[in-house]
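**Q** Pasting a structure here, questions to come.
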Amino acid sequence: MIRIANGQGFWGDWLEAPVRLVEQGPIDYLVLDYLAEVTMSIVQKQKQADPSLGYARDFPPLIGRIAARMKERRVRVVANAGGVNPVACAREVKRLAPELKVAVVLGDDVYDRIDDFLGRGLDLKNLDTAEPLTVIRPHITSANAYIGAFPLAEALATGADVVIAGRSTDTALALAPMVHEFGWRPDQFHLLAAGTIAGHIVECGAQCTGGNCIADWKTIPDFANIGYPIIEAEPDGSFVITKHHGTGGRVSQDTVKEQLLYELGDPHNYITPDCMADFTTVRLSDDGPNRVLVSGIKGRPATPFLKISISYLHGYKAQGTIVYSWPDALEKAQAADAIVRARLNDLGLSFEEIYSEYFGANACHGIAAPANPQPAEVMLRVGVRGKDKRAVDRFTRELIPLVLNGPPTGTGYGDGRPSVREVVAYWPALIPRQEIQTHVEVVE
Amino acid sequence: MKIPLSQIAHGRSGDKGDTSNIGIIAFNEKHYPLLVREVTAERVKAHFGALIEGRVERFELPNLGALNFLCYGALGGGGTLSLRIDAQGKTLAAGLLGMEIDADAAEL
């Protein structure tokens, strides 16, 4: 049995979680998931500004903090903290923790290969809309293939204490130690599916140990000291989800089921670079306090494609708010919204979308929200999105005047004009698997 | 009688681009057939009205006593394009659990 813990569900997750995982009990592997879909374009921009950047900057200081404990307790780390510059990330780790052996997985970054792909007739059409990539070609800001567990396992085979990848899948981070330790092969798709689903359960950190849990949330103990998840993985593909003794939160069938359903598409066909996993085969059973046994998982072979995540500059957006108090808070906010729209129209400004929400009334659920005839206050939030930066900028000047020249009780504008932000959007596409060749380097 | 879905189920929701997935899970597996009968794709779409622009597709996970709904065009463009506060659909499961369903006393 090996223990694989997840200490980071996204870049920005709790800084103390990975430290506590190595301090508060036994683990063999610590995996850290840093990359969301738009993160790649952020790090690409950072690298363009400074060639020594372009990775998750939280990661090297964390390793510096836990390096001594990692050595003492023989804990190894697998993380997709490399962004678009895994080697620079590894060098910074080596600078802060010279006693550790660090390996990187390269080959996922295809930003410089887009024209080569297009020239050879790979159209990289949008998986959701079927548009050809040529529509956005000049605006591309990053392009990465999602890589699976086998390249990460190859990096573990070098004996590295720390394995750093770029755009690996979230699930591959936890599957890789199982592939490495148990010798699972690419054709053992039931086992790979089991490890993939284990990875899915822990990939959002504490979201499987009581965080964001709707079931009986008021009875979940000690959120302040919530324990992050640990997989106790067996060579036969069964595993237990648990957390360290004495930590807060809860591991139960309810908390695990909620995370199993999180960001799930067709449950029969959960597609990764490693396999297709079938969530309708998962069996859960209780295995003592804060322990859930997961077994029975079946899968099918991986597809001949890898997914590519492409980001591109779509346009600009801005969002601003004004608060109105009771009485008639919602009516005041609606009147203010109508005035803003009339003025934008009079200015001849057009946008892809103007969207208005009423916080305190129905912003999250629309008509599904319970009726509240007299809310104490309502916050109007108006947003616009479009290709024309000047139009979006002009919009940002149209909200604050309402405090003086619109309905009564407008307040809460203390942050001043809203700022114009770039919209970097995400373009998913497929590419034949053989186009992506990864390799491992040990960084000295 | 009418009961809120939250009496027999919990859930979680999230995003994949402009699609929100809403997982609804029976607290007790004996209530799973009630979920299957009452919480149809059509009812989910009607419950959220204009919030879901596209269709709703339902998948069954009897092994977990759960249903998974894919709500297309539910996130105002999704990701960074969306102008909505809940651009990731994180609150939609709670919103669906507020829906009223029909149940006989014998079924509860």
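Keeping their order, the protein sequence lines are chains A and B. Going by our numbering, the residue at position 324 of the first sequence is 308; the numbering climbs one at a time, nothing skipped. Start counting at 1 in the second sequence, then tack on 829, and there's your number in our numbering. Beta carbons: idealized from backbone N, C-alpha and C, even for Gly. This structure is a prediction, so every number in the text was calculated from the model and none was measured.
Give the residues from the segment 365 to 388 of chain A that approach chain B closer than 8 angstroms (Cβ to any Cβ), ordered along the chain.
**A** So the list reads R365, G367, V368 and R369, given in the order they occur along the chain.
**Q** When the Cβ atoms of the segment 386 to 404 of chain A are set against those of the segment 295 to 314 of chain A, are three or more pairs found closer than 8 angstroms?
**A** The segment 386 to 404 of chain A, when compared against the segment 295 to 314 of chain A, does touch it at the 8 angstroms Cβ threshold.
**Q** Quick one: residues in its chain with C-beta nearer than 6 angstroms to the C-beta of A261(A), no 5 flanking neighbours on either side, listed in chain order?
**A** Cβ within range, chain order: A177, T180, I181, Y254 and G283.
**Q** I851(B) and A922(B) - do their beta-carbons sit closer together than 7 angstroms?
**A** It is a contact, given that the beta carbons lie within the stated cut-off.
**Q** What's the C-alpha gap between D933(B) and I148(A)?
**A** Distance between the alpha carbons of D933(B) and I148(A): 56 angstroms.
**Q** When you check each C-beta in the segment 840 to 857 of chain B against every C-beta of chain A, which residues fall closer than 9 angstroms?
**A** Residues passing the 9 angstroms Cβ filter: G840, R841, S842, G843, D844, K845, G846, D847, T848, N850, I851, G852, I853, I854 and F856.
**Q** Taking C-alpha atoms, which residue in G272(A), Y212(A) and G367(A) lies nearest to T231(A)?
**A** The shortest C-alpha separation from T231(A) is found at Y212(A).
**Q** Between G146(A) and T909(B), is the Cβ-Cβ spacing less than 7 angstroms?
**A** In the sequence as displayed, the identity of residue 146(A) is Val instead of Gly. Their beta carbons are not under 7 angstroms apart, which means V146(A) does not touch T909(B) by this criterion.
**Q** When you compare each of G91(A), T113(A) and L117(A) to L102(A) by their alpha carbons, which one comes out closest?
**A** Per the Cα distances, L117(A).
**Q** Under three-state DSSP, which class holds P412(A)?
**A** The answer is strand: DSSP assigns P412(A) an E or B state.
**Q** Select from F343(A), T125(A), A52(A) and V6(A) the residue whose C-alpha is nearest the C-alpha of A313(A).
**A** When each option's Cα is compared against that of A313(A), the closest is F343(A).
**Q** Among the candidates L16(A), P219(A) and F335(A), whose CA atom is the shortest distance from the CA of A(-11)(A)?
**A** Here the closest residue by C-alpha is L16(A).
**Q** Going along the chain, which residues of its own chain have a beta-carbon closer than 8 angstroms to the beta-carbon of M830(B), five neighbours each way excluded?
**A** Around M830(B): D931, A932, D933 and A934.
**Q** Please name the residue or residues paired with D931(B) in a DSSP beta bridge.
**A** K831(B), per the DSSP bridge assignment.
**Q** In whole angstroms, what separates the C-alpha of F898(B) from that of T239(A)?
**A** About 19 angstroms.
**Q** Check the DSSP bridge columns for I480(A) and list the partner residues they point to.
**A** The question about residue 480(A) has no answer, for chain A in this structure spans -15 to 428.
**Q** Between F898(B) and chain A, is there a C-beta pair that is closer than 7 angstroms?
**A** Cβ-Cβ to chain A under 7 angstroms: no for F898(B).
**Q** Below 8 angstroms between beta carbons is the criterion; list the residues of the segment 236 to 269 of chain A that meet it against any residue of chain B, in chain order.
**A** Of all residues in the segment 236 to 269 of chain A, D238, K241, E242, Q243, L244, L245, Y246, E247, L248, G249, D250, P251, H252, F263, T264, T265, V266, R267 and L268 have a Cβ within less than 8 angstroms of some Cβ in chain B.
**Q** Within the continuous beta strand (DSSP E) that includes V61(A), where are the two ends?
**A** Residues R60 to A63.
**Q** If you drop the 5 nearest sequence neighbours on each side, which residues of the same chain put their C-beta closer than 7 angstroms to that of E218(A)?
**A** Cβ neighbours of E218(A) beyond the five flanking positions: M(-15).
**Q** Can you name the start and end residues of the alpha helix (DSSP H) that K373(A) belongs to?
**A** K373 to F379 is the extent of the alpha helix (DSSP H) around K373(A).
**Q** For G183(A) and L175(A), I'd like the C-alpha separation in whole angstroms.
**A** Distance between the alpha carbons of G183(A) and L175(A) is about 12 angstroms.
**Q** Anything in chain B within Cβ reach of P354(A), meaning under 9 angstroms, just list it in chain order.
**A** The answer, in chain order, is G927.
**Q** Indicate whether at least one CB of chain B lies closer than 7 angstroms to the CB of H349(A).
**A** So yes, H349(A) belongs to the interface.
**Q** In whole angstroms, what is the alpha-carbon distance linking I198(A) and A156(A)?
**A** The straight-line gap from Cα to Cα measures roughly 27 angstroms.
**Q** Should the segment 126 to 139 of chain A be regarded as contacting the segment 87 to 97 of chain A, the criterion being three or more beta carbon pairs within less than 8 angstroms?
**A** Output reads yes: the segment 87 to 97 of chain A touches the segment 126 to 139 of chain A.
**Q** On a CA-only basis, which of I854(B), R866(B) and G905(B) is nearest E936(B)? Give me that one, please.
**A** Residue R866(B) is the option with its Cα nearest to E936(B).
**Q** Between Y424(A) and L136(A), what straight-line distance do the alpha-carbon atoms span, to the nearest angstrom?
**A** For the record, residue 424(A) in the displayed sequence is Val; it is not Tyr. Their backbone Cα atoms lie some 8 angstroms apart in a straight line.
**Q** Our contact map puts G38(A) next to N69(A) with C-beta atoms below 8 angstroms; I'd like the distance itself, whole angstroms only.
**A** Going by Cβ atoms, the distance from G38(A) to N69(A) rounds to 3 angstroms, so yes, they are a contact pair.
**Q** So with Cβ pairs under 7 angstroms, would you call H860(B) a contact of chain A?
**A** By this cut-off, H860(B) is not an interface position.
**Q** Taking R4(A) as the reference, which of P205(A), H228(A), Y95(A) and P311(A) has the closest Cα?
**A** That would be H228(A), whose Cα lies nearest to the Cα of R4(A).
**Q** Within the continuous alpha helix (DSSP H) that includes E425(A), where are the two ends?
**A** First-last for E425(A): H423 to V427, but that is the beta strand (DSSP E), not the alpha helix (DSSP H).
**Q** Is there a Cβ of chain B sitting closer than 7 angstroms to that of V119(A), yes or no?
**A** Chain B contact via Cβ: absent.
**Q** Since I215(A) contacts G233(A) with CB under 8 angstroms, what's their CB separation in whole angstroms?
**A** The pair is not a contact, with the Cβ atoms about 16 angstroms apart (cut-off 8 angstroms).
**Q** DSSP state of E115(A), grouped into three classes?
**A** Here E115(A) sits in coil by DSSP.
**Q** Measuring only the C-alpha atoms, how far is G902(B) from A879(B)?
**A** Spanning the two alpha carbons is a distance of roughly 10 angstroms.
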